[in-house]
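For the sequence shown, the working numbering begins at 128 and goes up steadily by one.
Structure, as structure tokens:
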Amino acid sequence: MFVVLLGPPGAGKGTQAERIAKATGLLHVSTGDMFREHVRNETELGQLAKSYMDKGELVPDEVTISMLNERISRDDASEGVMFDGFPRNVPQAKALDDALAERAKKIDRALLISARDEELVSRLSGRWICRQCGRLFHERFDPPAEAGKCDACGGELYQRDDDKADVVRTRLEKQKPAPELIDHYRQAGVLHEVDGERSIDEVTTALLEALR
Ligand code: AMP
């Protein structure tokens, strides 16, 4: 099964993608995580991506699509993927459709997690990530047992530069899924919308239900 997870920044895509991947065995592919790994490894692509990420803008399609294509051409992606943070616009959606069609596959579900702006701003500014294993925490919704320390691996927690207030507003403005993107999947008959303002567990349950 090939699934895309859509929603504004802060709707819970990353958290839910991790949980769904665990529950279903789907491979979790996050373009945001891939870019952050390139930044950490100081690759050329990482340097380029960082200049956009720091401003809360999207990395150009050409770069993002070719990175994604390379990822899904690997063996571990042949049977199913949960895409998180990709596609962000219609050209990316079409590129993904084409890449899957070449393998006689298609997107089976598009799960849209929705939430209001006020809620998103408050969520994004409370996020913490483990520097070592990438696990996500939230001051309010999912705090670590010990402040600043990862429950899973003991790594140090940090806040993403692009989770700081002014960048958060730009990200919300520029990175909400466009109506055209949502329509792309509605027309394909695969769209399911889930209210993302409920508890993390409730949202997971609703998403898993939509995947049945
Ligand atoms: P995320 O972790 O999904 O919030 O992504 C973090 C940042 O990576 C975004 O603010 C963008 O700058 C970049 N990024 C992630 N996915 C994409 C994408 N599909 N297209 C363009 N830029 C992306």
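Think of the CB as a built atom: it goes at the ideal place given N, C-alpha and C, for glycine as much as any other residue.
Quantities reported herein were computed from a predicted structural model and do not represent experimental measurements.
Buried or exposed by the 16-neighbour rule on C-beta atoms within 10 Å, applied to residue 134 | On the sequence shown, position 7 is the one that residue 134 refers to. It counts as buried.
Per-residue burial, residue 219 [other beta carbons within 10 Å of its own, 16 or more giving buried] | On the sequence shown, position 92 is the one that residue 219 refers to. The residue is buried, with at least 16 neighbouring Cβ atoms inside 10 Å.
Confirm, please, whether the CB-CB distance from residue 275 to residue 263 is below 8 Å.
-> Here the question's residue 263 lines up with position 136 in the sequence shown. Here the question's residue 275 lines up with position 148 in the sequence shown. Going by C-beta atoms, residue 263 is not nearer than 8 Å to residue 275.
Counting along the chain, where does the alpha helix (DSSP H) carrying residue 178 start and finish?
-> Locating residue 178 in the sequence shown gives position 51, counting from the first residue. From DSSP, the alpha helix (DSSP H) with residue 178 extends over 171-180.
Rounded Cβ spacing between residue 238 and residue 132 (contact assumed at less than 8 Å) = Position 111 of the sequence shown, counted from the start, is the residue given in the question as residue 238. Position 5 of the sequence shown, counted from the start, is the residue given in the question as residue 132. Their Cβ separation, rounded to whole angstroms, is 5 Å, which keeps residue 238 and residue 132 in contact under 8 Å.
Beta carbon of residue 172: closer than 7 Å to some heavy atom of ligand 1?
-> Residue numbering aside, residue 172 sits at position 45 when the sequence shown is read from its first letter. Checking every heavy atom of ligand 1 against the Cβ of residue 172, none is found closer than 7 Å.
Taking C-alpha atoms, which residue in 315, 287, 326 and 338 lies nearest to residue 267?
-> Taking the first residue of the sequence shown as position 1, residue 267 is located at position 140. Of the candidates 315, 287, 326 and 338, the one whose C-alpha sits nearest the C-alpha of residue 267 is 326.
Between which two residues does the alpha helix (DSSP H) containing residue 129 stretch?
-> Stepping through the sequence shown from its first residue, residue 129 is reached at position 2. Element bounds for residue 129: not the alpha helix (DSSP H) but the beta strand (DSSP E), 129-133.
Ranges of the beta strand (DSSP E) found wholly within the region 197-239, counting only runs of at least 3 = 208-211
Among the residues of its own chain, which have a CB less than 6 Å from the CB of residue 233, if the five just before and after it don't count?
-> Residue 233 sits at position 106 when you count from the first residue of the sequence shown. Correct list, in chain order: 227.
Can you tell me whether DSSP reads residue 303 as helix, strand or coil?
-> Residue mapping note: residue 303 aligns to position 176 of the sequence shown, counting from 1. In the structure shown, residue 303 sits in coil (DSSP, three-state: anything other than H, G, I, E or B).
Leaving aside the five residues before and after residue 289 along the sequence, list all residues of the same chain whose C-beta is less than 7 Å from its C-beta, in chain order.
-> Along the sequence shown, one-based indexing puts residue 289 at 162. Here the set comprises 180, 181, 183 and 298.
Would you mind sorting residue 215 into buried or exposed? The rule is 16 or more other CB atoms within 10 Å of its CB.
-> The sequence position of residue 215 within the sequence shown is 88, counting from 1. Buried.
For residue 286, the nearest candidate out of 254, 160 and 210 (CA to CA) = Position 159 of the sequence shown, counted from the first residue, corresponds to residue 286. Nearest C-alpha to residue 286: 254.
Below 8 Å on the Cβ atoms is my guess for residue 146 versus residue 331; work out the distance and round it to an integer in Å.
-> Residue mapping note: residue 146 aligns to position 19 of the sequence shown, counting from 1. Residue mapping note: residue 331 aligns to position 204 of the sequence shown, counting from 1. Confirmed, Cβ separation roughly 5 Å.
How long is the line joining the alpha carbons of residue 195 and residue 335, rounded to whole angstroms?
-> Counted from its first residue, the sequence shown places residue 195 at position 68. Counted from its first residue, the sequence shown places residue 335 at position 208. When rounded, the distance between both Cα atoms is 24 Å.
Return the Cβ separation of residue 143 and residue 256 in integer angstroms, given the expectation that the two are a contact with Cβ distance under 8 Å.
-> On the sequence shown, residue 143 is found 16 positions in, with the first residue counted as 1. On the sequence shown, residue 256 is found 129 positions in, with the first residue counted as 1. Not quite, the Cβ-Cβ distance comes to about 16 Å (not below 8 Å), so this is no contact.
Length of the line joining the Cα atoms of residue 153 and residue 229 | Indexing the sequence shown from 1 puts residue 153 at position 26. Indexing the sequence shown from 1 puts residue 229 at position 102. Each residue's Cα considered, the two are about 20 Å apart.
When DSSP builds the beta bridges, which residues end up paired with residue 257?
-> Taking the first residue of the sequence shown as 1, we reach residue 257 at position 130. Paired residues: 284.
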